[in-house]
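Here my numbering runs 15 ahead of the position in the sequence shown, where the first position is 1.
Written below as structure tokens is the structure these notes are about.
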Amino acid sequence: NMGEAPRYVLYEHAVGYTLLKVKEFEDIGLMIPEVEESVADVQRFCSIVKLVAFEPFKNTEAAVENCNSISEGVVHQDLLNFLEANLSKKKDKKVSLGVNDGKLAGAITEVMDGVRCVYTGVVPEILRGIRIHFAHIAKDLPHHSLSKAQLSLGHSYSRGKVKFDVHRVDNMVIQSIALLDQLDKDINLFGMRIREWYSYHFPELYKVVPDQYKYVRCACAIMDRKNLDESVIEKLKEILEDDAKVNEIVEVAHTSMGMEISQMDLLNIERFATRVASLTEYRQNLHEYVKERMSSCAPSLSALIGEQATNTPKYGLLFHSSFIGRASAKNKGRISRFLANKCAVASRIDCFSEVPVATFGEFLKQQVEDRLKYFETGEIPKKNLDVMKEAIQEAGEVRVKVLKKRKKAAKKAKKEAEEKEKEKQMEPEVEEQHEVSMEEPSSEKVIFI
Numbered sequence: 016n017m018g019e020a021p022r023y024v025l026y027e028h029a030v031g032y033t034l035l036k037v038k039e040f041e042d043i044g045l046m047i048p049e050v051e052e053s054v055a056d057v058q059r060f061c062s063i064v065k066l067v068a069f070e071p072f073k074n075t076e077a078a079v080e081n082c083n084s085i086s087e088g089v090v091h092q093d094l095l096n097f098l099e100a101n102l103s104k105k106k107d108k109k110v111s112l113g114v115n116d117g118k119l120a121g122a123i124t125e126v127m128d129g130v131r132c133v134y135t136g137v138v139p140e141i142l143r144g145i146r147i148h149f150a151h152i153a154k155d156l157p158h159h160s161l162s163k164a165q166l167s168l169g170h171s172y173s174r175g176k177v178k179f180d181v182h183r184v185d186n187m188v189i190q191s192i193a194l195l196d197q198l199d200k201d202i203n204l205f206g207m208r209i210r211e212w213y214s215y216h217f218p219e220l221y222k223v224v225p226d227q228y229k230y231v232r233c234a235c236a237i238m239d240r241k242n243l244d245e246s247v248i249e250k251l252k253e254i255l256e257d258d259a260k261v262n263e264i265v266e267v268a269h270t271s272m273g274m275e276i277s278q279m280d281l282l283n284i285e286r287f288a289t290r291v292a293s294l295t296e297y298r299q300n301l302h303e304y305v306k307e308r309m310s311s312c313a314p315s316l317s318a319l320i321g322e323q324a325t326n327t328p329k330y331g332l333l334f335h336s337s338f339i340g341r342a343s344a345k346n347k348g349r350i351s352r353f354l355a356n357k358c359a360v361a362s363r364i365d366c367f368s369e370v371p372v373a374t375f376g377e378f379l380k381q382q383v384e385d386r387l388k389y390f391e392t393g394e395i396p397k398k399n400l401d402v403m404k405e406a407i408q409e410a411g412e413v414r415v416k417v418l419k420k421r422k423k424a425a426k427k428a429k430k431e432a433e434e435k436e437k438e439k440q441m442e443p444e445v446e447e448q449h450e451v452s453m454e455e456p457s458s459e460k461v462i463f464i
């Protein structure tokens with residue numbers, strides 16, 4: 016029954032477990048709108064609920080353990096002892112207990128006889144009121160202690176989630192980005208070395224081909240500038256995809272001011288240039304890998320800030336964002352702080368979402384665009400609450416599609432695995448038949464002789 020109210024309500028706070036009794040519980044279930052209105056008023060709400068028992072956690076470690084158990088839908092021993100000690104059960108009737116989560120409700124019902132858990136109907140409104148007015152309900156606890164406990168538990172729980180989540184690829188992305196930075200430095204250094212080295216022989220090439228990767232490949236293809244035959248010209252056309260530039264290279268090669276260079280030096284330049292070219296290709300592949308990983312690991316953050324960010328002294332990693340580049344000088348600091356706030360929101364959404372999608376990042380990006388427009392024209396943007404409601408609705412639809420795709424992919428993979436297993440089982444039978452067929456002629460031959 017969606018309108019049914021429980022006799023007791025379990026509230027999990029950062030400082031401990033709280034059990035409250037709901038007064039007039041038989042009538043409250045029929046008055047959900049009245050309960051919603053009473054949540055805002057302390058006096059009216061305190062007339063509905065009454066504190067029965069409170070059990071504080073022994074320390075921060077115990078709080079984190081209990082928090083992890085609740086999030087996984089498991090009944091911790093501390094919670095079980097607390098409920099068994101304080102729930103007054105009747106022999107002929109089950110006690111109804113309101114809880115916040117459906118998984119936890121099922122777990123409590125399994126381990127405790129005579130307890131029926133409710134988590135729908137009026138329960139969310141009662142728990143919302145308890146959350147708002149908990150400081151008045153638990154009068155013996157100082158308000159600043161509650162805030163400190165929430166902050167400490169929040170940090171510890173989030174740290175553990177980020178550290179021990181085996182499904183995340185954060186560490187792989189971090190290492191890949193660090194490798195990308197190092198490759199950029201190395202490729203730039205090696206490219207300059209090749210340019211200086213090869214410029215003794217063909218200095219005009221860099222003016223025609225300023226792109227470092229293409230320059231290295233062109234140097235590998237040309238080597239001795241006097242030997243520009245048709246095969247070399249075809250290679251240059253494949254590399255540059257520009258006939259005009261190829262013709263220009265051929266022209267300047269005949270009039271180059273470069274010195275003659277030995278075959279041994281050319282061989283060393285070619286070997287080094289080939290390795291730099293392969294390193295550049297590996298860097299491009301690694302960049303694509305990071306893009307794909309970021310899209311699966313942090314889609315909202317990727318949609319918000321894009322691909323590239325560079326460190327600077329004042330604004331840090333966000334300075335090279337297009338939003339800050341488009342802002343006026345006086346608004347750069349304001350938009351950078353606003354963007355940093357949205358990045359923090361996007362990162363949290365990506366971290367704690369069971370099915371991360373890019374929808375929130377797209378809406379957050381639009382919010383930054385609207386704020387930038389507000390700084391320029393004064394046009395008031397939409398309220399954050401309205402934007403987030405739209406984002407939640409659209410993200411829910413996207414998640415359903417993603418889950419359907421995953422389900423189809425899992426079925427396909429399972430089917431392919433079964434087919435491979437059947438093929439493996441068929442192989443020994445085929446081999447046995449082949450052996451039998453090979454033995455039959457020899458036996459006939461012996462009989463004939």
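Just so you know, even glycine gets a beta-carbon here, dropped at the ideal spot from N, CA and C.
These numbers come from a predicted model, not from an experiment.
Cα-Cα separation, Gln165 to His28:
Walking along the sequence shown from the start, residue 165 turns up at place 150. Walking along the sequence shown from the start, residue 28 turns up at place 13. Here the alpha carbon of Gln165 sits roughly 8 Å from the alpha carbon of His28.
Name the two residues that bound the continuous beta strand (DSSP E) containing Thr33.
As a first step, residue 33 must be located in the sequence shown, where it is residue number 18. Run containing Thr33: 31-37, per the beta strand (DSSP E) assignment.
Mind checking whether Lys229 and Ile254 have CB atoms under 8 Å apart?
For the purposes of this step, residue 229 is taken as the residue at position 214 of the sequence shown. For the purposes of this step, residue 254 is taken as the residue at position 239 of the sequence shown. Cβ atoms of Lys229 and Ile254: closer than 8 Å.
Assuming Cys312 and Val188 form a contact by the criterion Cβ under 8 Å, report the distance between their Cβ atoms to the nearest whole angstrom.
By one-based count along the sequence shown, residue 312 stands at place 297. By one-based count along the sequence shown, residue 188 stands at place 173. Your pair Cys312 and Val188 checks out as a contact, with CB atoms roughly 6 Å apart and the cut at 8 Å.
Helix, strand or coil, according to DSSP, for Tyr215 in the structure here?
Within the sequence shown, residue 215 is the residue found at index 200, counting from 1. Three-state DSSP puts Tyr215 in coil, outside helix and strand.
Tell me whether Gly144 is buried or exposed, calling it buried when 16 or more other Cβ atoms sit within 10 Å of its Cβ.
As a working mapping, residue 144 is identified with position 129 in the sequence shown. Under this definition Gly144 is a buried residue.
What's the gap between the Cα of Ile264 and the Cα of Val223?
Along the sequence shown, read from residue 1 onward, the residue named residue 264 stands at position 249. Along the sequence shown, read from residue 1 onward, the residue named residue 223 stands at position 208. Rounded to the nearest angstrom, the two C-alpha atoms are 7 Å apart.
Other residues of its chain near Glu369: CB distance less than 6 Å, five sequence neighbours each side excluded
Reading the sequence shown from its first residue, position 354 is the one you call residue 369. None.
Going along the chain, which residues of its own chain have a beta-carbon closer than 6 Å to the beta-carbon of Leu379, five neighbours each way excluded?
Within the sequence shown, residue 379 is the residue found at index 364, counting from 1. Cβ neighbours of Leu379 beyond the five flanking positions: Leu319, Lys357, Ala361.
Given a cut-off of 8 Å, decide if Val89 and Ala122 are closer than it, judged by their beta-carbon atoms.
Position 107 of the sequence shown, counting from 1, holds the residue named residue 122. Position 74 of the sequence shown, counting from 1, holds the residue named residue 89. Contact flag set, yes.
So, are the CB atoms of Ile85 and Asp116 less than 8 Å apart?
Numbered from its first residue, the sequence shown carries residue 85 at position 70. Numbered from its first residue, the sequence shown carries residue 116 at position 101. In this structure, Asp116 lies closer than 8 Å to Ile85 by Cβ.
Residues sharing a beta bridge with Val130, DSSP:
Locating residue 130 in the sequence shown gives position 115, where the first residue counts as 1. Looking at the DSSP assignment, Val130 forms a beta bridge with Val110.
Give the straight-line distance between the Cα atoms of Ala344 and Gln190, rounded to the nearest whole angstrom.
By one-based count along the sequence shown, residue 344 stands at place 329. By one-based count along the sequence shown, residue 190 stands at place 175. Taking the straight line joining both Cα atoms gives about 35 Å.
With a Cβ-Cβ cutoff of 8 Å, do Asp93 and Ala77 count as a contact?
Here residue 93 corresponds to residue number 78 of the sequence shown, with the count starting at 1. Here residue 77 corresponds to residue number 62 of the sequence shown, with the count starting at 1. A distance below 8 Å separates the beta carbons of Asp93 and Ala77.
Would His148 and Phe72 qualify as a contact pair, given that the criterion is a beta-carbon distance under 8 Å?
Here residue 148 refers to the residue found at position 133 when the sequence shown is read from its first residue. Here residue 72 refers to the residue found at position 57 when the sequence shown is read from its first residue. No. Outside cutoff.
Opposite Ala68 in the DSSP bridges: which residues?
Start at 1 with the first residue of the sequence shown, and residue 68 comes out as number 53. DSSP output for Ala68 lists Leu34 as bridge partner(s).
In this structure, what does DSSP give as the bridge partners for Leu168?
Position 153 of the sequence shown, counted from the start, is the residue given in the question as residue 168. Partner(s): none; Leu168 has no beta bridge.
In angstroms with no decimal places, state the Cα-to-Cα distance between Tyr26 and Val114.
For the purposes of this step, residue 26 is taken as the residue at position 11 of the sequence shown. For the purposes of this step, residue 114 is taken as the residue at position 99 of the sequence shown. About 7 Å.
Pull up the CB-CB distance for Ser316 and Asp365, whole angstroms please, since I reckon it's below 8 Å.
The residue labelled residue 316 in the question sits at position 301 within the sequence shown. The residue labelled residue 365 in the question sits at position 350 within the sequence shown. Per the sequence shown, the amino acid found at residue 316 is Leu instead of Ser. Right, the Cβ-Cβ distance comes to about 6 Å (below 8 Å), so this counts as a contact.
Does the Cβ of Ser160 have 16 or more other Cβ atoms within 10 Å, making it buried, or fewer, making it exposed?
Translated into positions along the sequence shown, residue 160 becomes position 145. Exposed, because fewer than 16 other Cβ atoms sit within 10 Å of the Cβ of Ser160.
Enumerated in chain order, which unbroken segments of the alpha helix (DSSP H) with a length of 4 residues or greater are wholly contained in the region 348-414?
374-392
Closer than 7 Å by C-beta to Val372: which residues in its own chain qualify, once you throw out the five before and the five after it? Chain order, please.
Counted from its first residue, the sequence shown places residue 372 at position 357. Taken in chain order, the residues that qualify are Pro314, Ala410, Val413, Arg414, Val417.
Just how far apart, CA to CA, sit Asp257 and Thr295?
As a working mapping, residue 257 is identified with position 242 in the sequence shown. As a working mapping, residue 295 is identified with position 280 in the sequence shown. Answer to the nearest angstrom: the Cα atoms are 21 Å apart.
Round the Cβ separation of Val37 and Val64 to the nearest angstrom and send it over; I've been treating them as touching at under 8 Å.
Here residue 37 refers to the residue found at position 22 of the sequence shown. Here residue 64 refers to the residue found at position 49 of the sequence shown. Their Cβ separation, rounded to whole angstroms, is 6 Å, which keeps Val37 and Val64 in contact under 8 Å.
When DSSP labels each residue in this structure, what does His269 get in the three-state scheme?
Sequence index remark: in the sequence shown, residue 269 carries index 254 (1-based). Note: His269 maps to helix in three-state DSSP.
Proximal residues to Val267 (C-beta, below 7 Å), its chain only, five neighbours per side dropped:
Position 252 of the sequence shown, counted from the start, is the residue given in the question as residue 267. So the qualifying residues of the chain are Glu219, Val223.
Delimiting residues of the beta strand (DSSP E) encompassing Val24:
Taking the sequence shown and counting its residues from 1, the one referred to as residue 24 is at position 9. First-last of the beta strand (DSSP E) with Val24: 23-28.
Which listed residue (Tyr23, Lys429, Glu99, Lys176) has its alpha carbon closest to that of Val133:
In the sequence shown, counting from the first residue as 1, residue 133 sits at position 118. Checked all of Tyr23, Lys429, Glu99, Lys176; the closest Cα to Val133 is Tyr23.
How far does the alpha helix (DSSP H) with Val291 in it extend, from its first residue to its last?
As a first step, residue 291 must be located in the sequence shown, where it is residue number 276. Annotation for Val291: the continuous alpha helix (DSSP H) segment containing it runs 278-312.
Pairwise C-alpha distance: Ala355 and Glu391:
Here the question's residue 391 lines up with position 376 in the sequence shown. Here the question's residue 355 lines up with position 340 in the sequence shown. Straight-line Cα distance between these residues: approximately 19 Å.
Which value, in whole angstroms, describes the spacing of the CA atoms of Leu34 and Gln299?
Taking the sequence shown and counting its residues from 1, one reaches residue 34 at position 19. Taking the sequence shown and counting its residues from 1, one reaches residue 299 at position 284. So the two alpha carbons sit approximately 58 Å from each other.
Rounded to whole angstroms, what is the Cα-Cα separation between Lys474 and Arg363?
Absent from the model: residue 474. The displayed extent of the chain is 16 to 464, so no value can be given.
Taking C-alpha atoms, which residue in Arg386, Met309, Lys404, Met403 lies nearest to Pro396?
Within the sequence shown, numbered from 1, the residue matching residue 396 stands at position 381. Per the Cα distances, Arg386.
Cutoff 8 Å; reference Asn83; Cβ partners in own chain excluding five residues on either side:
Here residue 83 is taken as the residue at index 68 of the sequence shown, counted from 1. Excluding residues within five positions, the ones whose Cβ falls inside 8 Å are Tyr172, Gly175.
Between Ala139 and Arg421, what straight-line distance do the alpha-carbon atoms span, to the nearest angstrom?
Working through the sequence shown from its first residue, we reach residue 139 at position 124. Working through the sequence shown from its first residue, we reach residue 421 at position 406. Just to set this straight, residue 139 is Pro in the shown sequence, not Ala. Going from the Cα of Pro139 to the Cα of Arg421 covers about 32 Å.
Pair every Cβ in the region 346-353 with every Cβ in the region 281-297, then say whether three or more of these pairs are closer than 8 Å.
no
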